[in-house]
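Asker: One structure is given below, represented as structure tokens, and several questions about it will come after.
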Amino acid sequence: MGRRFDITFVYDFIPKLLGFLQITLFIVACSMLLGMVIGTAVALPRLFRIPVLQRVSRIYVSFFRGTPILIQLFLIYFGLPELLKGIHLDVTRVPALAFVILTYGLNSGAFISEAIRAAVSAVDRGQVEAAYAVGMSGFHAFRRIVLPQAAAVSLPAFSNLVIGNLKDTSLSFTLGVMEMTGKSQTLGLATQHFIEVYLSLSLIYLAISLALERLFALAERRMRLHEPDVGVLRNQ
Numbered sequence: 393m394g395r396r397f398d399i400t401f402v403y404d405f406i407p408k409l410l411g412f413l414q415i416t417l418f419i420v421a422c423s424m425l426l427g428m429v430i431g432t433a434v435a436l437p438r439l440f441r442i443p444v445l446q447r448v449s450r451i452y453v454s455f456f457r458g459t460p461i462l463i464q465l466f467l468i469y470f471g472l473p474e475l476l477k478g479i480h481l482d483v484t485r486v487p488a489l490a491f492v493i494l495t496y497g498l499n500s501g502a503f504i505s506e507a508i509r510a511a512v513s514a515v516d517r518g519q520v521e522a523a524y525a526v527g528m529s530g531f532h533a534f535r536r537i538v539l540p541q542a543a544a545v546s547l548p549a550f551s552n553l554v555i556g557n558l559k560d561t562s563l564s565f566t567l568g569v570m571e572m573t574g575k576s577q578t579l580g581l582a583t584q585h586f587i588e589v590y591l592s593l594s595l596i597y598l599a600i601s602l603a604l605e606r607l608f609a610l611a612e613r614r615m616r617l618h619e620p621d622v623g624v625l626r627n628q
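Add 392 to a position in the sequence shown, counting from 1, and you land on the number used in this note's numbering.
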């Protein structure tokens, strides 16, 4: 049992937890960048319907979307070194943070690939054919026609993924990574004020999530400035 609730500990814990915020944000940023690379590579075989790679992409997406992130952390942290021993590659001295980023990158890549595939498929094929008709190459048609619209369509899904990734980083402490949740564990054990420390942690995550949600909403609004206002069209 913890000690009696004391609100003053919340004010004391928040600055101490914020000191580890940079590690949490570092995990999110690196894993999302890695996820973008992986997600794009995984989405391409399904967009262009490459037979063998398309099946591999589906298996990859199904696994990382259908299993808990905590299990994925354990599989990669404990399983990957064992697999690499077969090719005489020792990664036992690699920091746990690297395994965390790799796991979250692979997990994010599965969701990002689906967002990319859905966004590209949502662009009207007639616009691409019109671009070809006026002499655009495939690359220019993708860059000027498909990519801007696909980015606007996929942004809400991407924003949800970033916020979800932020919250999922709280599991990193299970591998010994001292981010905010890991620090909250040590503070709770040291003071026995568990409710206060978890309340402080919740407030920090909530504030960051709301800030990210607002930033992505502003970005989406700017990306859709070229689109006509549906309400105005209906009144005409």
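No residue lacks a Cβ here, since even glycine has one placed at the ideal position from N, Cα and C.
Going by other Cβ atoms of all chains shown within 10 Å of its Cβ, with 16 needed for buried, is threonine 400 buried or exposed?
Answerer: Threonine 400 comes out exposed.
Asker: Of all the options Thr583, Glu506, Thr566 and Val526, which has the alpha carbon lying nearest to the alpha carbon of valine 545?
Answerer: The candidate whose alpha carbon is nearest that of valine 545 is Glu506.
Asker: Does the count of Cβ pairs from the stretch 408-418 and the stretch 568-578 closer than 8 angstroms reach three?
Answerer: Yes, they touch.
Asker: If we count Cβ pairs, one from each stretch, closer than 8 angstroms, do we get three or more for the stretch 528-537 versus the stretch 573-593?
Answerer: They do not touch, by the three-pair rule.
Asker: Alpha carbon to alpha carbon, how far is alanine 542 from phenylalanine 503?
Answerer: Their backbone Cα atoms lie some 15 angstroms apart in a straight line.
Asker: Is the stretch 521-530 touching the stretch 585-595, taking contact as three or more C-beta pairs under 8 angstroms?
Answerer: Contact between the stretch 521-530 and the stretch 585-595 is absent, because fewer than three Cβ pairs lie under 8 angstroms.
Asker: Tell me the rounded alpha-carbon separation between serine 562 and valine 492.
Answerer: C-alpha separation (whole angstroms): 11 angstroms.
Asker: Mind pulling the alpha helix (DSSP H) runs of 4 or more residues that sit fully within the stretch 402-441?
Answerer: Segments of the alpha helix (DSSP H) lying fully in the stretch 402-441: 413-439.
Asker: With a threshold of 7 angstroms on Cβ separation, who are the neighbours of isoleucine 430 within its own chain once the five nearest residues in sequence on each side are excluded?
Answerer: So the list reads Gly497, Leu498 and Gly501, once near-sequence residues are dropped.
Asker: Among Phe405, Phe397 and Ala435, which one has its Cα closest to the Cα of alanine 511?
Answerer: Alanine 511 has its Cα closest to that of Ala435, out of Phe405, Phe397 and Ala435.
Asker: So valine 663 packs on leucine 465, CB below 8 angstroms; how close in whole Å?
Answerer: Residue 663 lies beyond the residue range present for the chain, which begins at 393 and ends at 628; the question has no answer from this structure.
Asker: Answer yes if the stretch 550-566 comes into contact with the stretch 456-463, meaning at least three C-beta pairs across the two stretches below 8 angstroms, and no otherwise.
Answerer: Yes, the stretch 456-463 is in contact with the stretch 550-566.
Asker: By how many angstroms is the C-alpha of arginine 616 removed from the C-alpha of alanine 582?
Answerer: When rounded, the distance between both Cα atoms is 50 angstroms.
Asker: Do you know how far the Cα of isoleucine 468 is from the Cα of glutamine 584?
Answerer: Cα to Cα, glutamine 584 sits roughly 33 angstroms from isoleucine 468.
Asker: For glutamate 612, tell me which candidate among His480, Ser551, Tyr403 and Val402 has the shortest Cα-Cα distance.
Answerer: That would be Ser551, whose Cα lies nearest to the Cα of glutamate 612.
Asker: Is there at least one non-hydrogen atom of the ligand ADP closer than 7 angstroms to the beta-carbon of valine 420?
Answerer: In the structure shown, the ligand ADP is absent, as is every other ligand, since no ligand is present at all.
Asker: On the CB-based measure, 16 or more other CB atoms within 10 Å of its CB, does isoleucine 508 come out buried or exposed?
Answerer: Buried, since its Cβ has 16 or more Cβ neighbours within 10 Å.
Asker: How about leucine 602 and valine 554: are their beta carbons less than 8 angstroms apart?
Answerer: The answer is no: Cβ separation not under 8 angstroms.
Asker: Once the 5 residues before and after alanine 523 are set aside, which same chain residues still bring their CB inside 8 angstroms of it?
Answerer: Answer for alanine 523: His532, Ala533, Arg536 and Ile537, listed in chain order.
Asker: State buried or exposed for alanine 609, treating a residue as buried only when at least 16 other CB atoms are found within 10 Å of its CB.
Answerer: Its Cβ having fewer than 16 others within 10 Å, alanine 609 is exposed.
Asker: Mind checking whether phenylalanine 405 and glutamate 521 have CB atoms under 8 angstroms apart?
Answerer: Not closer than 8 angstroms, so no.
Asker: Exposed or buried, which one is isoleucine 442 when buried takes at least 16 other CB atoms within 10 Å?
Answerer: With fewer than 16 Cβ atoms within 10 Å of its Cβ, isoleucine 442 is classed as exposed.
Asker: When you compare the CB positions of alanine 488 and glycine 427, do they come within less than 8 angstroms of one another, or not?
Answerer: Not in contact: alanine 488 and glycine 427 (Cβ atoms no closer than 8 angstroms).
Asker: Under DSSP, the alpha helix (DSSP H) around threonine 583 begins and ends at which residues?
Answerer: Its alpha helix (DSSP H) spans residues 572-583.
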